[in-house]
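Have a look at the structure below, then the notes.
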Amino acid sequence: GCAVAAAGARWLVPGLLLGACGLLGLGAFIDSFQFHFRGLAGLALGPGAVSSYSLVSLAQTLPSSTQHPNAFGIRWIQTAYLLFALVVPLAQLLILLLLWLAPLTLRRQKQWFVAAEVLNAWSALDVFIVSIIAALLQIRQFAQFIVGGRCDAIDALLRKYLPNALDGDPVCFDVVATIGPSSWVLFTAGLLLFAVTYAVMGVCLLAIRQRSEGLVAAHSHRPPRAEGAGPCGPLTPCRAALVRVLGL
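If you read the sequence shown in our numbering, its first letter stands for residue 742, the second for the next number, and so on.
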């Protein structure tokens, strides 16, 4: 039982962390959502009426949507967006992998744990995913609010004389947001990031407390055989804490 638990802890968690890294890296470049401009505006835009975006392409198109694409503020927003939505989550996963696999002294373990907590606080991948869902629910209403009553006269004429034109949406301007078919890649990465972070941080915090209280040697890279290794062989502090919690 101990050998099975240790082997599972050794390979399952790193596998999930690496899987989350891979899915995040891939999902960041895959189109996750799209905007479909409809009505007369969509007709005028032609093929450009449908715009698909990924996490990265959204950042790339940000400067072109402003009058001053190279302004410091625009570039700062672009950099901060990529930093918090992509770079920080990837760094967080790598540090969690280090905490789980590397034999660390108590001091080093605490330092890396604090770094992981800071990155977890600044990670904004979940914010990006929630913003996509919010766009699905609110973008159409928000666009209609922006347009206001400026198109009322045109809309009345379109509904009267061209009720079936413009793909059944006879209005001056309308926009619909939809999730792309490959959005599950990024969404799965976000779910794994949340779940694995919660699990690994909890186990690592337990390991730090046990080492600080003298249950495991604090000066050593590995717990002594009587405390953390046993028949499973040498374990890193986090894996040893997990095995101890399971009572194996």
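Ideal placement from N, C-alpha and C gives every residue a C-beta, glycine not left out.
| message | Along the chain, where does the alpha helix (DSSP H) containing residue 779 start, and where does it finish? | response | Here residue 779 belongs to no alpha helix (DSSP H); instead the beta strand (DSSP E) covers 774-779.
| query | For residue 824, does the count of other Cβ atoms within 10 angstroms reach 16, so buried, or fall short, so exposed? | reply | Its Cβ having fewer than 16 others within 10 Å, residue 824 is exposed.
| query | Which residues in the same chain have their Cβ closer than 7 angstroms to the Cβ of residue 819, if we skip the five residues on either side of it in sequence? | reply | Contacts found: 800, 803, 804.
| Based on the DSSP secondary-structure assignment, which residues constitute the bridge partners of residue 953? | Note: residue 953 sits in no beta bridge, so no partner.
| field | Beta-carbon contacts of residue 786 that lie in its chain and below 8 angstroms, excluding the five residues immediately before and after | value | 778
| said: Going by DSSP in three states, residue 855 sits in which element: helix, strand or coil? | reply: Residue 855 carries a helical assignment under DSSP once its states are collapsed to helix, strand and coil.
| Cβ shell of residue 881 (< 8 angstroms), same chain only, five flanking positions each side left out | Taken in chain order, the residues that qualify are 915, 916, 917, 918.
| request: Take every Cβ of the segment 752-759, pair it with every Cβ of the segment 893-909, and state whether three or more of those distances are shorter than 8 angstroms. | output: no
| Cβ neighbour criterion (16 or more within 10 Å) applied to residue 944 | buried
| request: Could you check which residue in 793, 806, 898, 830 has the C-alpha nearest to that of residue 758? | output: Minimum Cα distance to residue 758 is reached at 830.
| task | From the DSSP output, in three-state form, read off residue 918 for me. | result | strand
| Cβ shell of residue 911 (< 8 angstroms), same chain only, five flanking positions each side left out | 780, 896, 899, 900, 903, 904, 905
| query | Which partner residues does residue 754 have in the DSSP bridge list? | reply | Its beta-bridge partners do not exist; DSSP assigns none.
| field | CA nearest to the CA of residue 797, picked from 922, 866, 948, 878 | value | Cα-wise, what sits closest to residue 797 is 866.
| Should residue 808 go down as buried or exposed, given a rule of 16 or more other Cβ atoms within 10 Å for buried? | exposed
| Where does residue 791 fall in DSSP's three states? | strand
| query | Helix, strand or coil for residue 828 per DSSP? | reply | helix
| Assigned exposure category for residue 908 - 16 Cβ within 10 Å defines buried | Per the 10 Å Cβ criterion, exposed.
| field | Sub-8 angstroms separation of residue 756 and residue 930 beta-carbons | value | Remark: C-beta atoms of residue 756 and residue 930 do not approach each other more closely than 8 angstroms.
| Exposed unless 16 or more other CB atoms sit within 10 angstroms - verdict on residue 926 | With 16 or more Cβ atoms within 10 Å of its Cβ, residue 926 is classed as buried.
| said: Buried or exposed, going by whether 16 or more other CB atoms sit within 10 Å of the CB of residue 784? | reply: Residue 784 counts as exposed, since fewer than 16 other C-beta atoms from the protein chains shown sit within 10 angstroms of its C-beta.
| field | residue 826 at chain C interface by Cβ criterion, 8 angstroms | value | The structure shown contains no chain C; it is built from a single protein chain.
| Can you name, in chain order, every residue of its own chain whose Cβ lies under 7 angstroms from the Cβ of residue 760, other than the five neighbours on each side? | Answer for residue 760: 933, listed in chain order.
| field | Boundaries of the alpha helix (DSSP H) in which residue 808 is found, first to last residue | value | No residue range can be given for residue 808, since it is assigned to no alpha helix (DSSP H) and is classified by DSSP as neither H nor E.
| request: Please determine, among 826, 886, 924, the residue with the shortest C-alpha to C-alpha distance to residue 773. | output: 924
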